[in-house]
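S.K.: Numbering (the UniProt record's numbering), first residue to last: 1 to 218.
In this text, a Cβ means the ideal position worked out from N, Cα and C, and glycines have one as well.
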Amino acid sequence: GGGNAVDHMVRESIEGVQFISVNTDAQALRKSSVSTVIQIGGDITKGLGAGANPQVGRDSALEDRQAIKKELEGSDMVFIAAGMGGGTGTGAAPIIAEIAKELGILTVAVVTKPFSFEGKKRMAFAEQGIEELSKHVDSLITIPNEKLLKVLGRGITLLDAFAKANDVLKNAVQGIAELITRPGMINVDFADVRTVMSEMGHAMMGSGMASGDDRAEE
């Protein structure tokens, strides 16, 4: 889910990004390598997670709306990384996006859709969550794990498949964030990124690697 993806981003270190982990599961937050954590829905879930119920995730985010708002205030841009289909990510992500947009923050969501083996119910929850999330973000990048599986090949282990999904989430956030924070061949400032990504809707990202004299053209 999103928590594991954020832990992966912290380990890989992305320049100029501060990380916040938001969860209903107190145990997952205790294990997190993120310095700023927000446990949501303590009264509702008693720290035991959302039980794969998006309504519980949503209610939990609403319960701790002020704590989320306090951490987001003053940000120029917010990335929301979530695994859609479960309880917390599916239900809470749209509320977090709504708070960020109310604060006038450029808000980009990078989310995964479940593998088909995770079941039809989880996929249906994911579709509903993505639809709700799209109403509250400037740009939404969706990573379908099932398509990832086709690229990686059927021989891949379950752990490797989830690790690769985390890597793709990390690359999406890093690709956009470091456009602003790191000098490159074409220097882009935050105003440029805001112009391109605000009110954009569903977005696609591509990346490529090349070497040699004509590598930029290739």
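1. Pick helix, strand or coil for PRO54, following the three-state DSSP scheme.
2. Would you identify the three-state DSSP class for THR107, choosing helix, strand or coil?
3. Decide if the stretch 80 to 91 is in contact with the stretch 105 to 112; the criterion is three or more beta carbon pairs, one per stretch, under 8 Å apart.
4. Looking at the unbroken beta strand (DSSP E) that takes in SER198, where does it start and where does it end?
5. In three-state DSSP terms, what is GLN18?
6. Since VAL173 is in the alpha helix (DSSP H), which residue starts that stretch and which ends it?
7. In whole angstroms, what is the alpha-carbon distance linking LEU133 and ALA26?
8. Name the two residues that bound the continuous alpha helix (DSSP H) containing LEU48.
9. Leaving out five residues on either side along the sequence, give the residues of the same chain with a beta carbon under 7 Å from the beta carbon of GLY208.
10. Just to confirm before moving on: does the CB-CB distance between GLY3 and GLY57 stay below 7 Å?
11. Pick out whichever of VAL78, GLY89, GLY87, ASP160 has its Cα sitting closest to the Cα of ILE99.
12. Can you tell me the Cα-Cα spacing of ASN53 and GLY89, whole angstroms?
13. Give the single residue among SER13, ASP167, ASP59, GLU15 whose Cα lies nearest to the Cα of ILE44.
14. So, are the CB atoms of VAL37 and PHE19 less than 7 Å apart?
15. Mind pulling the alpha helix (DSSP H) runs of 4 or more residues that sit fully within the stretch 54 to 107?
16. Can you list, in chain order, the stretches of the alpha helix (DSSP H) that have 4 or more residues and sit fully within the stretch 112 to 160?
17. My assumption, with CB atoms under 8 Å, is that SER106 sits in contact with SER198. Please give the rounded CB distance.
18. According to DSSP, is ASP189 part of a helix, a strand, or is it coil?
19. Determine the contact status of GLY1 and THR24, defining contact as a CB-CB distance below 7 Å.
20. Check VAL34 in the structure and name its three-state DSSP category.
21. With distances taken between CB atoms, is the gap from THR195 to GLY16 smaller than 7 Å?
22. Taking DSSP's pairing of strands, which residues face ASP25 in a bridge?
23. Alpha carbons only, please: which of SER75, ILE40, SER35, PHE190 is nearest the one belonging to GLU63?
M.R.: So, from the data block:
1. Three-state result, PRO54: helix.
2. In the three-state reduction of the DSSP assignment, THR107 falls in the strand class, which pools E and B.
3. As far as the Cβ criterion goes, the stretch 80 to 91 touches the stretch 105 to 112, which means the pair count is three or higher.
4. Here SER198 belongs to no beta strand (DSSP E), and DSSP marks it neither H nor E.
5. In the structure shown, GLN18 sits in coil (DSSP, three-state: anything other than H, G, I, E or B).
6. Residue range 158 to 181 is occupied by the alpha helix (DSSP H) that includes VAL173.
7. Using only the alpha carbons, I get a separation of about 24 Å.
8. That residue, LEU48, is in no alpha helix (DSSP H); it is neither H nor E in DSSP.
9. Any reading at GLY208 must be qualified, since the residue scores a pLDDT of 47, below 50, and its modelled position is unreliable; no value is offered.
10. Inclusion of GLY3 and GLY57 in the CB contact set at 7 Å is not warranted, their separation being larger than that value.
11. Distances from the alpha-carbon of ILE99 to those of VAL78, GLY89, GLY87, ASP160 put VAL78 closest.
12. For the pair ASN53 and GLY89, the Cα-to-Cα distance works out to about 10 Å.
13. When only C-alpha atoms are compared, the closest one is ASP59.
14. Not a contact, by the Cβ cut-off of 7 Å.
15. Here the runs fully enclosed are 54 to 63, 65 to 72, 88 to 102.
16. 120 to 134, 145 to 152, all fully within the stretch 112 to 160.
17. Looking at the sequence shown, residue 106 is not Ser but Leu. Correct: roughly 6 Å between the Cβ atoms.
18. Here ASP189 sits in coil by DSSP.
19. No, they are not a contact pair.
20. Residue state, collapsed to three classes: coil.
21. Cβ atoms of THR195 and GLY16: not closer than 7 Å.
22. Within the DSSP secondary-structure output, ASP25 pairs in a beta bridge with LEU48.
23. Its Cα nearest to that of GLU63, the residue ILE40 stands out among SER75, ILE40, SER35, PHE190.
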